[in-house]
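Numbering (the numbering used here), first residue to last: 1 to 708. Cβ coordinates follow ideal geometry from the N, Cα and C atoms, glycine included. No experiment lies behind these values; they were computed from the predicted model shown. A quick write-up on the structure given underneath.
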């Protein structure tokens, strides 16, 4: 029941008085709140109701339930205004448990139901009267919940201030004012409620149906959220089941059909997907998405048939293509007809955004590569895209919202206007709301640019994108790996693709992960080496002296990498005075990190007034002289450099994904290290390698033809 307004004063009996026909209606006051009870007594007297009777509510919650049950069993006529206690005493009598109005009637229904089967009919005489905050949604929900007990309405009154702190004179004045406030509220409730009594049963039934629908909608929404979580986990069958349950619970929601259809597309179950999209179209005839999705499915079916050897001029292929074009046309026309949701919304804004989204999908179809530029469907879709551009693009393109910038960027990309596409898409990425969408399209742009202009241009795009900190970095690193491999930068390619899988271990489950043959050799070699480290690491037990030496070297390098020069000096002083043979180890001597630190600090130490510092400088000079004369394995030097970068990423920058990338480069540049004891003695690298191998489980080397 809606909240009452404010009338100008007490209603007068006589002609035009809406309450005149109801003044002989028996009114029973079952009111627990003393102040409210007194107010209602005065108000019903002022309203000239002749049959008003007060009833005792008892001292406690359960007693109040029993007394109201007895009153109902007496088959009293008229209305029973009920204001129950707001709390019950827990078992043991020590704790007061808050109770709301629906709790009270639930208890009453249980009590009545023990001896009678007409409890809902008896309870229909009750009209709850209580104070609550005036939130429209909460009021509606309360009334819907009360309908379960056969109750047709409730008088939900505004809360009034407590008067205990006022002086007696002010309290008397304020009490009179509060009675008048209640008078206006109650009169309007009665004027609205009493004429509806004859249809109360039908009203309750409608509300019960509304409540059931609301509950089913809530359950359906919960299943849709569960389906979305399943999709994120790539549990597609679970997602399908959840969407089916959502549809069964609430078949009026077109979005559930749409999302269900999209999952079926992911599973390549196209007939079921088309059925879901058709069902969504029936429910939402003005929504453009179902037709767009049908068009996309038809294009996917065409691609699969062409992959199987069908000709682009095959009549069945042409039929699928024509159906795709027809549905895209319908989708665009529906998008053009979308109206604002509110009076405050900019006219045409939602329509332009919808047109832009659909047109962007058309641009990304790239049917020219499989059908040829002269194919009639390619021309038809190009015409649709150009018309859509005219619909959404004003004179000043830079003033467009992000969705339009994305669309025009893709259109420019399709026309090979690469600089314009780059400008528009990166500009769109400045909009937080569309940041992820813009980043995804920039990744796509990088792939197109790599094929058209070369890998160097694509690398520049991906590096600029990473500076924006995109939400989905794994696809960026994967595409970086492809570009690096095209450039013959195998080590960088290995690092990038391993970083991609570390960030998203499910990436290799996608078919697209294996489609770029440029990365196959690098991927196969790197994964094979890392898996070999994992296998050997389970069995290999390096000697204690090796473990201590490697641990000391890593502690020293971590201090240097973290800029902790004082700690590094102390460690090297310990080495110089206690373990000079440590510096003769090949891995220590070949470490650029240690060598460059000694070169950087030796002059400062030599100029120091402290004897110990000058002695350490002399030690550094001897070591640097040895290193200048020594010829160390270049692969070992490179391995140690990448290992040092992995240490920095792991220990200093707290970036295990980058550390994994550096480890991949290290083992690929020096594969023999997978047999070296130093690797298995490393307290940093061995756990990183094991963690990385656990994330590589989904990589299927058979799909790239790799044989170990």
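Environment of residue i [buried if 16+ CB atoms lie within 10 Å]
i, result
"residue 591", "buried"
"residue 513", "buried"
"residue 135", "exposed"
"residue 695", "buried"
"residue 443", "buried"
"residue 572", "buried"
"residue 628", "exposed"
"residue 492", "buried"
"residue 276", "buried"
"residue 566", "exposed"
"residue 463", "exposed"
"residue 364", "exposed"
"residue 279", "buried"
"residue 340", "exposed"
"residue 541", "exposed"
"residue 199", "exposed"
"residue 499", "buried"
"residue 315", "exposed"
"residue 311", "exposed"
"residue 579", "exposed"
"residue 327", "buried"
"residue 661", "buried"
"residue 334", "buried"
DSSP-derived helix/strand/coil call for residue i
i, result
"residue 55", "coil"
"residue 656", "helix"
"residue 83", "strand"
"residue 7", "Low confidence applies here, because residue 7 scores a pLDDT of 39, under 50, leaving its location unreliable and the question unanswered by this model."
"residue 157", "strand"
"residue 135", "coil"
"residue 619", "helix"
"residue 427", "helix"
"residue 463", "helix"
"residue 663", "helix"
"residue 671", "helix"
"residue 438", "helix"
"residue 404", "helix"
"residue 639", "helix"
"residue 32", "coil"
"residue 285", "coil"
"residue 699", "coil"
Closest by C-alpha distance to residue i, when choosing among the options
i, options, result
"residue 420", "432, 600 and 405", "405"
"residue 286", "262, 259, 312 and 332", "332"
"residue 104", "73, 137 and 68", "68"
"residue 371", "386, 307, 418 and 589", "307"
"residue 598", "570, 632, 610 and 178", "570"
"residue 50", "66, 100 and 25", "25"
"residue 461", "474, 472 and 480", "480"
"residue 683", "228, 546, 693 and 159", "546"
"residue 259", "251, 358, 228 and 183", "228"
Distance between residue j and residue i (C-alpha atoms, nearest Å)
i, j, result
"residue 34", "residue 84", "11 Å"
"residue 3", "residue 467", "Note on residue 3: pLDDT 42, under 50, position unreliable in the model; no value is reported."
"residue 120", "residue 242", "35 Å"
"residue 305", "residue 317", "8 Å"
"residue 37", "residue 167", "22 Å"
"residue 197", "residue 212", "23 Å"
"residue 5", "residue 170", "Only weak support exists for where residue 5 lies, its pLDDT of 40 falling under 50; the value from the coordinates is given anyway. Cα to Cα, residue 5 sits roughly 26 Å from residue 170."
"residue 401", "residue 428", "8 Å"
"residue 422", "residue 411", "11 Å"
"residue 510", "residue 619", "56 Å"
"residue 431", "residue 445", "18 Å"
"residue 145", "residue 102", "7 Å"
"residue 373", "residue 379", "7 Å"
"residue 31", "residue 187", "17 Å"
"residue 282", "residue 387", "27 Å"
"residue 161", "residue 433", "44 Å"
"residue 581", "residue 634", "22 Å"
C-beta atoms of residue i and residue j nearer than 9 Å
i, j, result
"residue 193", "residue 150", "no"
"residue 265", "residue 324", "no"
"residue 659", "residue 638", "no"
"residue 455", "residue 407", "no"
"residue 254", "residue 288", "no"
"residue 700", "residue 505", "no"
"residue 553", "residue 587", "yes"
"residue 246", "residue 262", "no"
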